[in-house]
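Enquirer: First, the structure itself, so that you have it in front of you.
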Amino acid sequence: MGCVSSKQLKRTLGYEDPNILAKETTFTVNEVEALYVLYRKISHSIIKDGLIHKEEFQLALFRNMNKKNLFADRIFDLFDLKRNGVIDFGEFVRSLNIFHPDTPTAEKITFAFRLYDLRGTGYIEREELKEMVLALLNESDLLLSDEAVEQIVDQTFKQADVNNDGKIDHDEWKAFASKNPALLKNMTLPYLKDITMAFPSFVLVSGASD
Amino acid sequence: DQPTSMNAFELISLNQALNLDNLFEA
């Protein structure tokens, strides 16, 4: 991890002014600069063009750039706000802001809803939920019978699909997630509370000082 | 918890990809 000068930063593809990003997010300028060090490392891990490609995102998440994972794809697509197949620095910071401990729960609930609304229909449908459970089982060491999967999905729909129309809408998801806060556990990254404290090496290399 | 005692979303949240802490250890 090398030192990054401000001249280098301005010339780098995908870079965005930390002052603007800090104004739009919960992060301070110093925290945005610290996040840039992490971003730079991930975005130069394979293709070295200053943008995060899907293989680089997978490599950072799994230490394996070829590991296919439905949820990694979903998160990448949600971070890729411009939908151009790469994550630039602004997208990285704005997306991570959702995971900041101080970000309102309502924003986390909406992000999780979009994550699970696989086909972007505005609903989490039964088939989507079953697909995600099967993907989780396939991608982990958990083994469950088809009957057990059906039972879990049915039981979850009984609890969450209050109007019983076979799909979970945003309001139903909001009520369900509010009653089951454990569902949002992954939506908060405590490290982000003060990333310059949690990662002092970022301070040294980014020049953050306050 | 046993998987069968969890609701489907709890189960899904066990996925490694949904733990973005891993990004910080990149």
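Protein chains in written order, with this note's numbering: chain A, 225 to 434; chain B, 339 to 364.
Where a beta carbon is used, it is the ideal one built from N, C-alpha and C, also for glycine.
1. Closer than 7 Å to a non-hydrogen atom of the ligand MN - does that hold for the CB of A/Val377?
2. Counting only the same chain and skipping the five closest in sequence on each side, list residues whose C-beta sits under 6 Å from that of A/Leu342.
3. In chain order, which continuous runs of the alpha helix (DSSP H) of length 4 or greater are located wholly inside the region 331 to 393 of chain A?
4. Taking C-alpha atoms, which residue in A/Ala246, A/Met411, A/Trp397 and A/Ala372 lies nearest to A/Val317?
5. Please determine, among A/Lys265, A/Tyr340, A/Met356 and A/Ala359, the residue with the shortest C-alpha to C-alpha distance to A/Ala401.
6. A/Val261 versus chain B: which residues are under 8 Å apart at the beta carbon?
7. For A/Ile419 versus A/Glu255, is the C-beta spacing smaller than 8 Å?
8. Decide if A/Arg264 is buried, meaning its Cβ has at least 16 other Cβ atoms within 10 Å, or exposed.
9. Just to confirm, is the Cβ distance from B/Ala346 to A/Thr380 under 8 Å?
10. Quick check: what's the CA-CA separation for B/Leu356 versus A/Ile299?
11. Could you give the DSSP three-state label for A/Ile311: helix, strand or coil?
12. Does chain B have any CB closer than 8 Å to the CB of A/Ser364?
13. Leaving out the 5 sequence neighbours to the left and right, which residues in its chain are closer than 6 Å to A/Lys289 when beta-carbon positions are compared?
14. Answer yes if the region 392 to 408 of chain A comes into contact with the region 344 to 351 of chain A, meaning at least three C-beta pairs across the two stretches below 8 Å, and no otherwise.
15. Using a Cβ cut-off of 8 Å (strictly closer), state whether A/Leu435 contacts chain B.
16. Bridge partners for A/Ile276 per DSSP, in chain order?
17. Identify which residue in A/Leu262, A/Leu285 and A/Thr334 has its Cα closest to the Cα of A/Phe313.
18. I want to see whether chain B comes within less than 8 Å of A/Tyr347, judged by CB atoms only; does it?
Expert: In this structure, then:
1. In terms of ligand content, the structure shown is empty, and the ligand MN therefore cannot be addressed.
2. Glu352
3. 350 to 363 and 370 to 384
4. A/Ala246
5. A/Tyr340
6. Ordered by position in chain B, no residue passes the 8 Å Cβ test against A/Val261, which lies about 11 Å from the chain.
7. yes
8. buried
9. yes
10. 8 Å
11. strand
12. yes
13. According to the sequence provided, residue 289 of chain A is Met. The question's Lys does not apply to it. Excluding residues within five positions, the ones whose Cβ falls inside 6 Å are Glu279, Gln282 and Leu283.
14. yes
15. In the structure as shown, chain A starts at 225 and stops at 434, and residue 435 of chain A therefore has no counterpart that could be examined.
16. A/Ile311
17. A/Leu262
18. no
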